[in-house]
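In the numbering used here, the protein residues as written are 503 to 870. One structure below.
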Ligand SMILES: [Zn+2]
């Protein structure tokens with residue numbers, strides 16, 4: 503018999519893939535209702551958490567809903583059931599169904615919403631359209647030479663030193679450290695009151711800022727000194743693994759109309775709202791699941807011939823200005839494949855309880 507899994511463990515796994523700190527400032531990703539200490543009986547994965555979805559969870563014995571869009575976005579001042587948001591929350595709490603949202607943090611990771619669209623379209627050489635800058639830190643620490651491998655391995659094991667396709671990235675140099683232990687010290691090297699000069703390795707590693715606690719725990723555990731000399735600095739480099747939108751190349755160029763027809767088939771889209779077709783073969787494709795007009799400039803700069811996104815307004819289409827084809831495929835249609843991504847991520851890690859696709863079509867838009 504396997505140990506029961508707590509909701510908190512599922513959350514921990516999801517946030518190891520899409521850290522909460524990567525969500526946009528206006529967002530409300532995370533646990534919205536429910537007790538993280540409850541045991542998971544089953545998970546229902548959905549794009550939106552509507553009343554029918556909560557009912558589906560109850561009927562199928564699932565006590566955790568993992569939704570892309572947070573049902574509570576702004577603050578709730580009362581819970582009377584006056585609108586669908588309040589009714590969903592009341593129903594979920596009454597039935598002890600937890601609701602967890604994984605929204606812009608999943609948009610912003612290179613294995614997230616946009617990656618799923620790129621994979622479905624068979625794009626290659628994937629890059630983030632607008633990489634984030636505020637997500638990396640650098641640790642510098644000073645280690646006795648015979649411990650430098652152990653400490654570096656511990657740092658790498660905690661998630662430091664990963665750059666693109668390269669793991670265990672770091673830099674070391676040799677030098678001399680000095681210190682005088684005071685009377686209360688219990689030094690690994692030297693004696694109280696005596697100035698020491700020791701051979702040391704200066705080690706430098708980059709790490710994602712959200713991993714700082716675990717990187718520091720690993721450092722203190724592996725380092726032999728009582729007082730571990732170190733400093734952490736924010737790094738303003740672009741993080742190529744975190745940010746908005748994605749761009750990639752087709753294996754071979756395709757005529758625009760052929761590409762758009764294929765796009766409808768591949769993503770199950772009924773209607774594309776597109777700008778005037780530019781009669782040039784499509785070889786590079788930019789994508790942004792959900793509302794993506796804010797990335798139009800980046801899409802043009804990337805050299806893409808088409809930008810697949812959603813929620814373009816009338817005037818946004820003008821901004822394409824004959825330089826790119828905007829293909830607005832619909833918000834729901836651009837993100838519905840995220841369900842598959844989440845189911846795959848959960849099944850791989852948690853084989854002991856049911857992980858179900860919601861069968862409820864939550865698209866609020868119908869095409870007449
Ligand atoms: Zn969305």
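C-beta atoms are modelled at their ideal positions from N, C-alpha and C, and glycine is treated no differently. All figures in this text were calculated on a predicted structure; none of them were measured in a lab.
Item                                                                                                                         : Value
Sequence-distant residues of its chain with Cβ nearer than 8 Å to residue 862 (five each side left out)                      : 548, 552, 554, 555, 558
At least three beta-carbon pairs within less than 8 Å, the segment 618-635 to the segment 732-748                            : yes
Nearest to residue 772 (by Cα), restricted to the options 830, 646, 795, 655                                                 : 830
Entirely enclosed beta strand (DSSP E) segments - the segment 507-585, minimum 3 residues                                    : 532-535, 544-548, 566-569
First through last residue of the alpha helix (DSSP H) which encompasses residue 719                                         : 714-724
Boundaries of the alpha helix (DSSP H) in which residue 781 is found, first to last residue                                  : Run containing residue 781: none; DSSP gives neither H nor E here.
Three-state secondary structure assigned by DSSP to residue 749                                                              : strand
Buried/exposed call for residue 770, threshold 16 Cβ in 10 Å                                                                 : exposed
Alpha-carbon to alpha-carbon, residue 840 and residue 834                                                                    : 10 Å
Straight-line Cα distance separating residue 512 from residue 597                                                            : 19 Å
Touching by the beta-carbon criterion (3+ pairs, under 8 Å), the segment 812-828 and the segment 841-861                     : no
Proximity winner among 622, 517, 783, relative to residue 806 (alpha-carbon distances)                                       : 783
Residues of its chain near residue 758, where Cβ-Cβ distance is below 8 Å and the 5 sequence neighbours each way are ignored : 779, 780, 781, 782, 783, 784, 807, 808, 827
Ligand 1 heavy atom lying under 8 Å from the CB of residue 791                                                               : yes
Check: residue 833 C-beta below 8 Å from any heavy atom of ligand 2                                                          : Among the ligands present in this structure, namely ligand 1, ligand 2 is not found.
Inter-residue Cα distance where the pair is residue 523 and residue 705                                                      : 27 Å
Residue 509 and residue 537 closer than 9 Å at C-beta                                                                        : yes
Contact test: residue 511 Cβ vs ligand 1 heavy atom, cutoff 8 Å                                                              : no
Residue 603 and residue 518 closer than 9 Å at C-beta                                                                        : no
Neighbourhood of residue 533 by C-beta, 7 Å cutoff - its chain only, sequence neighbours within 5 removed                    : 513, 600, 602
For residue 591, the three-state DSSP class (helix, strand or coil)                                                          : helix
Reduced DSSP secondary structure (H/G/I, E/B, other) of residue 676                                                          : strand
Simplified DSSP state of residue 758, which is helix, strand or coil                                                         : helix
Spatial neighbours of residue 774 in its chain, beta-carbon cut-off 8 Å, leaving aside the 5 residues before and after       : 762, 765, 766, 829, 830, 831
Which residues DSSP lists as bridging residue 830, in chain order                                                            : 775, 811
Start-to-end residues for the alpha helix (DSSP H) that takes in residue 869                                                 : Taken as a continuous stretch (DSSP letters only), residue 869 belongs to no alpha helix (DSSP H), as it is neither H nor E.
Separation of residue 743 from residue 608, as counted between CA atoms                                                      : 12 Å
Proximity test, residue 817 beta-carbon vs ligand 1 heavy atom, cut-off 8 Å                                                  : no
Inter-residue CB distance, residue 700 and residue 646 (contact presumed, cutoff 8 Å)                                        : 7 Å
Residue 550 burial status per 10 Å Cβ neighbour count (16 or more: buried)                                                   : buried
Exposure of residue 447, with buried meaning 16 or more beta-carbon neighbours within 10 Å                                   : The requested residue 447 is not part of the displayed model; the chain covers only 503 to 870.
For residue 766, the three-state DSSP class (helix, strand or coil)                                                          : helix
N- and C-terminal bounds of the beta strand (DSSP E) containing residue 665                                                  : Looking at the DSSP string, residue 665 is not in any beta strand (DSSP E), and its letter there is neither H nor E.
Pick from 621, 648, 545, 694 that is closest to residue 685, judged by C-alpha positions                                     : 694
Touch test, the segment 718-737 against the segment 645-660, Cβ-Cβ under 8 Å, three pairs minimum                            : yes
Top-ranked residue by Cα proximity to residue 665, from 572, 776, 740                                                        : 740
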